[in-house]
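Novice:
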Amino acid sequence: MSDVFQLLDSTVKELAVSRFEKPTLVQELAIPKILEGKNVLVIAPTGVGKTESVLLPILSKLKEKRMVVVARLRIKARVLTAAKKDRRGRRK
Numbered sequence: 448m449s450d451v452f453q454l455l456d457s458t459v460k461e462l463a464v465s466r467f468e469k470p471t472l473v474q475e476l477a478i479p480k481i482l483e484g485k486n487v488l489v490i491a492p493t494g495v496g497k498t499e500s501v502l503l504p505i506l507s508k509l510k511e512k513r514m515v516v517v518a519r520l521r522i523k524a525r526v527l528t529a530a531k532k533d534r535r536g537r538r539k
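The opening position of the sequence shown corresponds to residue 448 in this note's numbering, with each subsequent residue numbered one higher.
Below, the structure is given as structure tokens:
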């Protein structure tokens, strides 16, 4: 695999390298496609760099075009857990 961080703007690349020694598989697959302007659905386990694989190329494109960010992306995550129940079926 090649280092897809080399495709990013130099400032964004520094940010990426500060977080990851080398790109994860999901980053290797998603970053080039996003930089090409293609739609991408990223599905991967927690902690493998999904968010960075999407945001890094977007930030890189914004930096290249010297665009001013006028909106903020807010991502909410919900953690669903099974409630533990006692012998009577009540939640603990």
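Glycine residues also receive a C-beta, built at the ideal position from the N, C-alpha and C atoms.
Since this is a predicted model, take the numbers as computed values, not measurements.
1. Quick check: what's the CA-CA separation for residue 470 versus residue 513?
2. For residue 459, which residues from the same chain have a beta carbon less than 7 angstroms from its beta carbon, with the 5 sequence-adjacent residues on both sides left out?
3. Does the separation of the CB atoms of residue 548 and residue 451 fall below 8 angstroms?
4. Tell me the residue span of the alpha helix (DSSP H) that contains residue 461.
5. With H, G and I counted as helix, E and B as strand and the rest as coil, what does DSSP make of residue 499?
Specialist: Here's the rundown:
1. 25 angstroms
2. 503, 506, 507, 510
3. Here the chain has residues from 448 to 539 only, and residue 548 is not among them.
4. 457–466
5. helix
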